[in-house]
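Chemist:
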Amino acid sequence: MPQTHGFQTVLGRNLVGELRNVVHRPFLVVTMEDLWPRFAEAFDGAECEPYLVHSVDEEELLRDLAALPDFAAVVGLGGGMAIDAAKYFAWRRRRPLFQVQTALSMNAAWGHRAGVRSNGVVRYVGWAVPEAVYIDLDVIRAAPRALNLSGVGDILCCHTGVLDWKYATDRGRCEPKWPFEPDLAADARAAVDRVLAGLDDIRDLTDTGIRILVEGLSRGTSYHTNGWNPRPIEGIDHFFFYALEFGTGRKFIHGPPVCLGIYIGSLLHECRAEEMLRAFHHIGLDIRPEAMGVTWDDVARALAGLRRFVRDAGLWHSIAHDVEIGPEFVGRVRRGIEALYGPWAPAAR
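Just so you know, the numbering used here puts 222 at position 14 of the sequence shown, and the rest follows in order with no gaps.
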């Protein structure tokens with residue numbers, strides 16, 4: 209049955225300016241080089257040291273941590289890299305953690321583990337529960353629009369995650385430690401439906417739309433409270449993303465490739481594919497490969513090798529493990545997307 213989950217999350221305004229008054233001193237502000245000039249004034253006179261993240265490679269983080277002065281707390285300020293590095297430092301030093309996610313591009317602030325790279329491979333390690341996650345409504349709206357819209361990927365992926373969970377169960381391929389639980393599946397589907405019912409507010413990034421995204425993204429903590437069970441929140445949607453990243457060697461804003469994976473998975477499962485595609489288009493999230501800096505040939509290669517990729521990577525069983533995806537299916541995906549978005553046209557110079 210669903211468990212109670214969620215980090216304390218505070219929505220409001222001028223939240224960053226209050227941190228200097230409450231965070232244990234002296235503290236470390238883990239942020240990005242492009243963000244620090246924007247927020248530095250809020251920390252003027254505070255007993256703090258900025259750390260500008262340049263990598264989440266574990267060896268580099270450990271080397272930098274050893275060179276830092278002592279600190280009594282950690283503030284994570286930014287997107288995924290800053291949030292994960294802050295988690296990692298707080299875990300290694302066993303210090304209180306305060307998180308300020310400046311865009312709703314992913315659910316990093318609501319996860320216990322830090323995503324770091326080890327020998328080029330993503331590893332999720334650690335245990336970091338923040339004192340609070342702060343979401344400043346004005347800060348969120350000031351972030352690039354595409355970053356905030358990207359966050360729907362980490363919520364709507366519950367649609368394909370549950371489909372893959374049921375698919376594996378029906379074929380006797382689901383892991384014994386993660387048996388299908390109808391209550392958990394229903395909870396995940398409800399999160400999907402809340403987003404689909406609030407698309408106008410999400411598109412316009414109203415206070416209500418931001419709250420819908422935060423509510424959905426904060427379900428990331430369910431990975432722990434559901435017994436480290438990724439089944440309700442991740443399936444072929446993310447597997448395609450991982451394969452595309454692996455095959456192209458590129459790093460992506462999280463949402464668009466995951467959402468493309470949601471559409472692909474929904475087509476394979478023959479379940480709500482057009483509804484998902486219309487939702488992405490309605491809020492203005494472009495999932496065409498060219499918008500991500502890759503080509504349809506890159507997508508075709510990722511899909512052609514997806515079956516082998518998920519097996520070699522040891523990922524939990526999904527429809528991706530059983531289907532061979534060829535040019536005909538890729539053409540179907542492309543036709544569906546371009547019928548709604550139109551063919552890609554480079555921006556005029």
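Don't be surprised by glycine CBs; every beta carbon is placed ideally from N, CA and C.
Quick check: the Cα distance between residue 243 and residue 553, rounded to an integer number of angstroms?
Modeler: Spanning the two alpha carbons is a distance of roughly 31 Å.
Chemist: Kindly indicate which three-state DSSP category residue 448 falls into: helix, strand or coil?
Modeler: Residue 448: helix per DSSP, three-state reduction.
Chemist: Which same chain residues, not among the five before or five after residue 254, have their C-beta less than 7 Å away from its C-beta?
Modeler: Excluding residues within five positions, the ones whose Cβ falls inside 7 Å are 228.
Chemist: Give a single yes or no on whether residue 461 has its beta carbon closer than 7 Å to a heavy atom of the ligand ADP.
Modeler: Absence of the ligand ADP from the depicted structure is noted, as is the absence of any ligand whatsoever, leaving it without description.
Chemist: DSSP three-state call for residue 306: helix, strand or coil?
Modeler: Three-state DSSP puts residue 306 in a strand.
Chemist: In this structure, how does DSSP classify residue 461 when only helix, strand and coil are distinguished?
Modeler: DSSP places residue 461 in coil when its eight states are reduced to three.
Chemist: Tell me which same chain residues have a C-beta within less than 6 Å of the C-beta of residue 315, skipping the five on either side of it?
Modeler: If we look at residue 315 and ignore the five residues flanking it on each side, its Cβ neighbours are 362, 425 and 428.
Chemist: Specify the secondary structure class of residue 297 as computed by DSSP and reduced to three states.
Modeler: Three-state DSSP puts residue 297 in a helix.
Chemist: May I have the straight-line CA-CA distance separating residue 222 from residue 235, to the nearest angstrom?
Modeler: Rounded to whole angstroms, residue 222 to residue 235 spans 19 Å at the Cα level.
Chemist: Who does residue 323 pair with in a DSSP beta bridge?
Modeler: For residue 323, which the question treats as bridged, DSSP gives the partners 332.
Chemist: Can at least three beta-carbon pairs, one atom from the segment 466-475 and one from the segment 529-547, be found at a separation below 8 Å?
Modeler: Touching, yes, given that three or more Cβ pairs across the two stretches are closer than 8 Å.
Chemist: Taking only three categories from DSSP, how would you classify residue 341?
Modeler: It is a strand residue.
Chemist: Let's test the definition: count the other Cβ atoms within 10 Å of the Cβ of residue 288 and tell me whether it reaches 16, buried, or not, exposed.
Modeler: Buried, by the Cβ-count rule.
Chemist: Just the Cα atoms here: how many angstroms apart are residue 211 and residue 455?
Modeler: Caution applies to residue 211, whose pLDDT of 43 falls short of 50 and renders its modelled position unreliable; the value that the coordinates give is listed next. Whole-angstrom Cα-Cα distance: 37 Å.
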